[in-house]
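Protein chains in written order, with the numbering used here: chain S, 8 to 373; chain L, 8 to 373; chain U, 8 to 373. This report concerns only the one structure given below.
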Amino acid sequence: QNQQNQQNTAQRILSGNINTKGVTVGGYGEITYNRPSGKNAELDVQRLVLLFGYKFDDRTQFVTEIEFEHVKEVYVEQAFLQYSLNDQVNLRAGLMLVPMGIINEYHEPTTFNGVERPSMDVAIVPTTWREIGIGVAGKSAAASLRYQLYVFNGFQSTLSDENGTIISGQLGGSSGLRGGRQKGIKSNFNNINFSGKLDYYGLPGLRLGLSGYFGRTQSPKDVEAVAGADIGISMIGLDARYAKQRFSVRGQFVRGALSDTESYNLATGKDLGSILQGYYLETGYNLLALQKKQQLIGFVRYEDYNTHASTAGNLVENDTYNRQEWTFGLSYLIANGAVVKADYQLKDNAANKQTNQLNFGIGVWF
Amino acid sequence: QNQQNQQNTAQRILSGNINTKGVTVGGYGEITYNRPSGKNAELDVQRLVLLFGYKFDDRTQFVTEIEFEHVKEVYVEQAFLQYSLNDQVNLRAGLMLVPMGIINEYHEPTTFNGVERPSMDVAIVPTTWREIGIGVAGKSAAASLRYQLYVFNGFQSTLSDENGTIISGQLGGSSGLRGGRQKGIKSNFNNINFSGKLDYYGLPGLRLGLSGYFGRTQSPKDVEAVAGADIGISMIGLDARYAKQRFSVRGQFVRGALSDTESYNLATGKDLGSILQGYYLETGYNLLALQKKQQLIGFVRYEDYNTHASTAGNLVENDTYNRQEWTFGLSYLIANGAVVKADYQLKDNAANKQTNQLNFGIGVWF
Amino acid sequence: QNQQNQQNTAQRILSGNINTKGVTVGGYGEITYNRPSGKNAELDVQRLVLLFGYKFDDRTQFVTEIEFEHVKEVYVEQAFLQYSLNDQVNLRAGLMLVPMGIINEYHEPTTFNGVERPSMDVAIVPTTWREIGIGVAGKSAAASLRYQLYVFNGFQSTLSDENGTIISGQLGGSSGLRGGRQKGIKSNFNNINFSGKLDYYGLPGLRLGLSGYFGRTQSPKDVEAVAGADIGISMIGLDARYAKQRFSVRGQFVRGALSDTESYNLATGKDLGSILQGYYLETGYNLLALQKKQQLIGFVRYEDYNTHASTAGNLVENDTYNRQEWTFGLSYLIANGAVVKADYQLKDNAANKQTNQLNFGIGVWF
């Protein structure tokens with residue numbers, strides 16, 4: 008649980024920390040109770056994810072995650088082959104996580120505080136963000152740097168009638184790019200997107216990340232030349248995690264600049280912003296003695312994010328998309344890999360429509 | 008196969024009978040042939056269930072079952088975390104089986120006779136009955152008692168238009184509460200339900216069970232104050248299993264008393280009964296010598312169950328819901344964990360509409 | 008990768024090559040890039056298959072494959088119990104692959120060249136072709152013969168309104184029997200179908216196969232006596248695989264003769280042919296030295312298949328169903344069980360509508 012040494016499920020397999028031959032089986036899951044003010048509570052098996060890994064030889068590994076969402080939906084969430092030239096250079100291809108911010112790569116429930124993921128990691132970074140791609144990853148121990156560099160298939164921005172007319176848009180004002188994720192499902196590919204991340208782990212307890220994503224969305228062949236069929240994306244992210252003894256802090260800033268949103272909104276009737284931007288800061292403190300195996304972390308998180316940080320053309324910025332959230336909660340790690348969570352959220356926006364929410368959750372990772 | 012020592016899949020993992028570290032993988036499945044009189048036969052991979060368990064430490068375990076029904080439907084059927092204070096007191100939370108009667112907790116195909124589950128374990132006990140809950144389970148070796156005590160989310164009885172009008176009911180005359188199961192799928196929670204079971208295993212070969220379930224159904228927030236939106240439930244069950252050498256017998260009685268069904272039926276147009284009641288008796292005999300590893304069990308089962316044992320208000324009892332069934336069959340256990348089944352069923356009701364059905368099945372549990 | 012010793016996933020488990028007790032976990036998967044001329048490229052996690060096997064005792068085994076197609080569809084693809092009387096006679100029952108040609112039984116991506124399966128193994132042999140059945144399989148080491156003999160549930164040819172009127176047909180001109188596969192999903196069974204295969208492996212490097220499938224399609228009870236509700240099927244297949252050092256060749260011929268297609272087409276408005284016929288020839292050469300663990304196989308395949316090789320009654324043969332394809336490509340086996348593929352296809356038909364397609368793929372089998 009030392010946060011700067013954190014590995015996610017795929018990394019744990021790829022690094023050989025579990026076992027080095029045969030099929031590795033693992034998984035993680037979250038069962039949640041959410042009660043927004045003025046509504047009934049919802050109980051949900053939000054996700055259960057099974058992981059299968061296989062090491063063909065010293066250089067070649069395969070990792071896949073199969074996710075069961077809300078009890079009855081299934082998604083292959085990751086499925087990629089890694090071929091290692093050496094520790095510094097590992098080629099990867101397949102369905103992979105886009106490295107942007109913290110949560111998209113590190114979303115196992117025992118690795119973050121709060122029953123729900125930070126809200127900006129839903130509306131701005133569309134977690135779990137994954138597409139089919141190819142690239143290279145590795146680390147330089149000398150420079151204390153991990154790097155990732157990928158070419159990905161991108162978001163699908165529009166649907167067409169297959170006769171040259173745009174019939175709908177997949178992107179929107181409230182949750183930005185989220186609706187455009189293709190997830191590797193017979194996905195349309197006509198524009199290359201570039202993604203990369205650099206992680207610095209050279210100072211004890213600290214981990215710093217710099218992410219970038221650049222490209223254009225995908226559109227059906229028959230409308231790809233039509234104005235507003237696709238948009239350009241430049242997204243950068245900064246993140247930091249620091250832990251020392253019973254104290255931990257993490258934060259993240261992400262800014263996405265979208266081009267051609269005016270013609271996109273005209274063509275599709277959507278209200279997509281031209282700048283999506285947000286940040287959060289979170290600090291936690293383990294209330295139990297350090298030598299105990301269990302941890303009881305009290306934490307507070309503040310988020311500020313806006314999917315209409317700027318808009319193009321005549322589109323008026325919607326104040327309800329300019330959101331601020333406080334989360335106060337507890338993460339009780341009853342064993343290494345098992346957590347019980349509780350928190351209370353105050354959700355506000357610039358239009359002053361406030362809602363509060365009480366959350367409980369159970370999380371496992373094995 | 009000694010029935011009073013029977014454990015189900017989750018219990019087998021939790022008791023550490025399989026292995027004590029790492030991920031446990033198991034499963035069970037049923038492939039069935041059903042031929043009702045006057046109809047074509049149906050061949051179906053009725054269910055295939057995968058089980059994954061993990062022991063985090065001596066106190067903390069996670070169990071999940073993922074079910075594939077009819078080849079292409081998927082459900083997370085169980086997913087709960089157990090934290091053991093000691094052998095007597097184990098805290099549990101998550102998606103769990105409601106302990107009521109025999110089959111809902113013990114439905115692995117090698118543990119019961121007959122290709123299909125007893126019909127009352129479909130219409131009265133809505134197997135597989137599972138919801139998200141929290142509770143405590145354990146045993147007292149001194150008193151030869153196992154106990155379970157849970158608080159569960161309950162059945163959803165009505166759907167609304169979200170503006171205060173009930174638009175449909177989920178419960179009904181023929182199969183009672185079955186349509187109201189929420190199964191942990193983004194489930195609505197506004198009334199607590201209590202569930203418990205006591206099992207006595209103090210006499211050699213015998214196992215006695217007493218189950219209870221008490222609470223109210225759930226309804227959408229906007230109609231929860233509307234008359235008929237929800238109903239009250241009090242269900243009790245008695246079950247017994249006895250085995251001695253080549254002979255075995257089991258039986259079960261369940262009675263569910265539902266309140267407010269008159270206003271429920273008025274509000275929804277349904278024909279839900281106010282008493283659901285039934286029982287069955289089954290006896291079997293192993294036709295092979297006891298020292299053989301295989302068993303060939305001939306059995307006969309008689310069921311009598313009625314989802315209109317009583318009705319409220321003007322609702323007339325529907326005689327077709329007053330059902331009697333004879334099942335004659337064979338269970339050929341070709342190995343420990345693998346069974347081939349065959350049976351013939353005579354299904355009658357008080358309206359004298361008789362149908363017969365021929366069934367064959369293959370079952371595995373590993 | 009020596010092709011005449013090839014085993015598929017189920018055979019590998021059943022033969023005990025992996026492990027002999029406990030649950031076996033394995034899988035295979037394909038991620039594909041397809042770019043037909045004049046269209047956008049499609050990126051897809053085409054399939055990810057998990058395999059679970061269990062050996063109950065020396066005689067009794069269970070094998071199941073669970074397939075995740077296009078990220079979010081799930082199918083139980085195989086689920087059968089095997090009981091071995093001896094090496095020569097193994098009884099099998101459950102959801103099984105129909106043995107016809109090469110690919111339907113051997114479709115793990117490292118066992119065949121080309122990103123996509125041969126097209127005739129889609130349109131004529133409707134891979135992956137599986138139904139619920141029962142039968143016997145085994146081998147005679149003395150005669151160097153493997154045999155399989157099954158009784159299967161067959162294709163569903165028609166749907167009815169349940170009042171004696173046919174409302175649609177499931178079979179058709181372009182892809183023949185493919186739409187009629189019931190896949191074990193609550194499948195209708197009123198006509199027995201017979202299937203068998205004989206494999207000769209007596210000459211070094213060679214494997215010869217002879218397959219047969221004979222029976223009638225299934226139709227709903229209320230129309231089973233109506234003319235055109237079902238058709239008769241006689242299909243035979245011949246296949247050969249030969250490998251010597253860096254050279255390999257394989258080929259396949261399949262001919263399906265369908266009876267009663269005239270009345271079927273009249274009753275359903277379909278254009279089902281009366282003869283489906285095709286063959287392919289493929290040769291490959293490993294461009295790397297034999298002692299290397301990796302292989303880089305250059306290959307070329309020619310296919311000629313026609314789902315209107317003959318038609319009955321007034322149905323005119325559709326020239327677009329008379330198809331010829333060249334595939335030129337590379338299979339780079341980067342490890343035993345991991346392959347990267349690339350190929351280019353020239354697809355022509357007797358109506359001279361040519362399309363070309365560029366394919367890339369990643370395949371794993373573990």
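Beta carbons: idealized from backbone N, C-alpha and C, even for Gly. All values reported here derive from a predicted model rather than from experimental measurement.
In the DSSP assignment, Asp-128/L falls within the alpha helix (DSSP H) that extends over 127–130.
If you draw a straight line from the Cα of Thr-134/L to the Cα of Tyr-207/L, it is about 22 angstroms long.
Between Asn-321/U and Ile-304/U, the C-beta gap is not smaller than 9 angstroms, which leaves the two residues out of contact. Between the C-alpha atoms of Thr-165/L and Pro-43/S there is a straight-line separation of about 21 angstroms. In this structure, the beta-carbon distance from Leu-178/U to Gly-186/U falls below 9 angstroms.
When DSSP states are grouped into helix, strand and coil, Arg-185/S belongs to the helix group. For the stretch 67–79 of chain U, the residues whose beta carbon sits under 8 angstroms from a beta carbon of chain S are, in order, Phe-75, His-77, Val-78 and Lys-79. Per DSSP, the unbroken alpha helix (DSSP H) holding Ser-270/S starts and ends at 268–275. Counting the other CB atoms within 10 Å of its CB gives Thr-314/U a total of 16 or more, which places it among the buried residues. Under the three-state reduction of DSSP output, Lys-228/L falls in the helix class. Beta-bridge analysis with DSSP links Gln-284/L to Arg-262/L and Asn-313/L. Close to chain L, meaning a Cβ-Cβ distance shorter than 7 angstroms, are the following residues of the stretch 148–177 of chain U: Asn-160. Secondary structure of Thr-318/L (DSSP, three-state): coil. At a cut-off of 9 angstroms between beta carbons, Asn-363/L makes no contact with chain U. When DSSP states are grouped into helix, strand and coil, Tyr-113/L belongs to the coil group.
Note that the C-beta distance between Phe-201/U and Leu-156/U is below 9 angstroms.
Against chain U, the CB of Leu-297/L has no partner CB under 9 angstroms away; the residue lies outside that interface. It is roughly 58 angstroms from the alpha-carbon of Ala-316/L to the alpha-carbon of Glu-289/S. Restricting attention to Ser-281/S, Glu-310/S, Asp-311/S and Arg-253/S, the CA atom closest to the CA of Leu-295/S is found in Arg-253/S.
The criterion of a C-beta distance shorter than 9 angstroms is not satisfied by Ile-243/U and Leu-265/U. At a beta-carbon threshold of 9 angstroms, none of the residues of chain L lie near Ala-86/S; the nearest stands roughly 17 angstroms away.
DSSP, read as helix, strand or coil, puts Asp-350/U in strand. Here the C-alpha atom of Gly-140/S lies approximately 11 angstroms from the C-alpha atom of Leu-98/S. Fewer than three beta-carbon pairs drawn from the stretch 102–122 of chain S and the stretch 209–225 of chain L are found closer than 8 angstroms, and the two stretches are therefore not classed as touching. A buried status is given to Ser-194/S, since no fewer than 16 other beta-carbon atoms sit within 10 Å of its beta-carbon.
By the Cβ neighbour-count rule, Asn-272/S is buried, with 16 or more other Cβ atoms within 10 Å of its own. By the neighbour-count criterion, in which 16 or more other beta carbons inside 10 Å mark a residue as buried, Glu-80/U falls on the exposed side. Phe-69/U has Tyr-61/U and Leu-88/U as its beta-bridge partners, per DSSP.
At least 9 angstroms separates the CB of Val-52/U from every CB of chain L. With its beta carbon less than 9 angstroms from one in chain S, Glu-49/U belongs to the interface. Within chain L, Lys-300, Ala-342 and Asn-343 have C-beta atoms less than 8 angstroms from the C-beta of Asp-64/U, given in sequence order. For the stretch 257–278 of chain S, no residue has a beta-carbon sitting nearer than 7 angstroms to a beta-carbon of chain U. With a cutoff of 9 angstroms on beta-carbon distance, Ile-341/S and Arg-66/L are scored as near each other. Boundaries of the beta strand (DSSP E) around Glu-138/L: 137–147. DSSP lists Gly-219/S and Arg-262/S as the beta-bridge partner residues of Ile-243/S. For Phe-367/U, the pairing in a beta bridge is given by DSSP as Tyr-40/U and Ala-349/U.
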